[in-house]
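Here the structure comes first, spelled out in structure tokens, and everything after it is commentary.
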Amino acid sequence: DTEVTQTPKHLVMGMTNKKSLKCEQHMGHRAMYWYKQKAKKPPELMFVYSYEKLSINESVPSRFSPECPNSSLLNLHLHALQPEDSALYLCASSQVGGGAGTDTQYFGPGTRLTVL
Amino acid sequence: EDQVTQSPEALRLQEGESSSLNCSYTVSGLRGLFWYRQDPGKGPEFLFTLYSAGEEKEKERLKATLTKKESFLHITAPKPEDSATYLCAVRIGATGRRALTFGSGTRLQVQP
Numbered sequence: 097d098t099e100v101t102q103t104p105k106h107l108v109m110g111m112t113n114k115k116s117l118k119c120e121q122h123m124g125h126r127a128m129y130w131y132k133q134k135a136k137k138p139p140e141l142m143f144v145y146s147y148e149k150l151s152i153n154e155s156v157p158s159r160f161s162p163e164c165p166n167s168s169l170l171n172l173h174l175h176a177l178q179p180e181d182s183a184l185y186l187c188a189s190s191q192v193g194g195g196a197g198t199d200t201q202y203f204g205p206g207t208r209l210t211v212l
Numbered sequence: 164e165d166q167v168t169q170s171p172e173a174l175r176l177q178e179g180e181s182s183s184l185n186c187s188y189t190v191s192g193l194r195g196l197f198w199y200r201q202d203p204g205k206g207p208e209f210l211f212t213l214y215s216a217g218e219e220k221e222k223e224r225l226k227a228t229l230t231k232k233e234s235f236l237h238i239t240a241p242k243p244e245d246s247a248t249y250l251c252a253v254r255i256g257a258t259g260r261r262a263l264t265f266g267s268g269t270r271l272q273v274q275p
């Protein structure tokens, strides 16, 4: 099974709201990722967690706050977002280390976020 | 600077008309080249991983190949259900750098 689940599928929020995106995988992967994708653009990396520790933050504004409570879950907390933050937010996971073929990233279906 | 470039940007084929998509890269320390398929509003679906020049992988009507400078995704006798955006991504060898760098994608439309 190579399934990554994300909730909610769609989210509409105002600029003063606080909301969270959730991601879950049960493949035993120890690396998890958040990507942001605007329409007709490729995914752009936001954060990487490796063994539940933040290893990469691509200079993302502090209104996006990631959290990895355990090896299966990844959250993205949102507050004071701007309309330009509207996008498809993708979660992915992969193994860590190992030989060739073990580091493929598997993506979830995404959360479509609209900021009014 | 590491770069990944896909061409063409968009491709329209008739059903059964075979073609190839290109992904060229200029990166230092390639640790893998990945092909994904993405349908509108959905997450990328993994297709292939290639690690070394000369490597080839096949799945149904798709075949991916890799050289030292580029990768091709060959589509043989495509069907309308193959219509999607095809994304190429590379993982470079920087220590601890697990992230993928994506090309801009090729939007494929297969007409019946």
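Chains as they are written, first to last, in the working numbering: chain A, 97 to 212; chain B, 164 to 275. Every residue gets a Cβ at the ideal spot worked out from N, C-alpha and C, and that includes glycine.
Where D181 of chain A falls, given that 16 or more other Cβ within 10 Å makes a residue buried: buried
Under 8 Å by beta carbon: chain B residues contacting G204 of chain A: G206
Counterpart residues of M128 of chain A in DSSP-defined beta bridges: A:Y145, A:S189
Endpoints, beta strand (DSSP E) assigned at P162 of chain A: 160–166
Q177 of chain B beta carbon near the ligand NAD (any heavy atom closer than 6 Å): The model depicted lacks the ligand NAD and carries no ligand whatsoever.
Contiguous beta strand (DSSP E) assignments of at least 3 residues, all confined to the region 171–224 of chain B: 173–177, 182–189, 193–201, 208–213, 219–222
CB-CB length for L213 of chain B against L196 of chain B, believed under 8 Å: 5 Å
DSSP beta-bridge partners of M109 of chain A: A:V211
Distance CB(M142 of chain A)-CB(K134 of chain A) smaller than 7 Å: no
Residues near L176 of chain B by beta carbon distance below 6 Å, same chain, minus five either side: S182, P241, V273
N- and C-terminal bounds of the beta strand (DSSP E) containing K115 of chain A: 114–121
Distance between Q178 of chain A and R224 of chain B (C-alpha atoms, nearest Å): 43 Å
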